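Asker:
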Amino acid sequence: MDEVVREIGTGPLCMDKALLEEVRMALLEKGFAAAEVMVSQRSGSDEQGEISRAIAICQKNKLSPEAAAKVIESLNVIKSGKW
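For the sequence shown, position 38 (counting from the first letter as 1) is numbered 196 according to my numbering, and the numbering increases by one without interruption.
#1: In three-state terms, what does DSSP make of CYS172?
#2: Can you round the beta-carbon distance between GLU231 and ILE213 to whole angstroms, since I take them to be within the 8 Å contact cut?
#3: Tell whether a beta-carbon distance below 8 Å holds between ARG200 and LEU178.
#4: Would you kindly work out how many angstroms separate the C-alpha atoms of TRP241 and GLY167, rounded to a whole number?
#5: Check the C-beta distance from GLU205 over to ASP174 and give it rounded, since I have them as a contact under 8 Å.
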């Protein structure tokens with residue numbers, strides 16, 4: 159998990175909490191592919207890029223959908239550098 163957080167890094171972008179919750183639920187209920195589709199349909203380009211990148215990093219590091227959901231839920235905290 160630490161490697162995932164380090165790779166996501168910090169930045170100024172603050173994402174909508176409701177969107178992050180929807181992505182988290184999609185990951186838990188339907189998996190990575192469904193979450194990626196939902197992000198592409200429901201977010202603006204900046205949010206879409208960051209959330210899709212975070213999902214890809216989770217997949218690359220072989221996180222379970224449950225662990226990836228925790229990362230997505232905490233994405234604003236991770237991006238703030240306070241993780």
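Heads up, the beta-carbon is just placed ideally off N, CA and C, and yes, glycines get one too.
For clarity, every value in this text was computed on a predicted model and none was experimentally measured.
Answerer: Considering the structure as presented:
#1: coil
#2: Not confirmed; about 13 Å, so no contact.
#3: no
#4: 10 Å
#5: 7 Å
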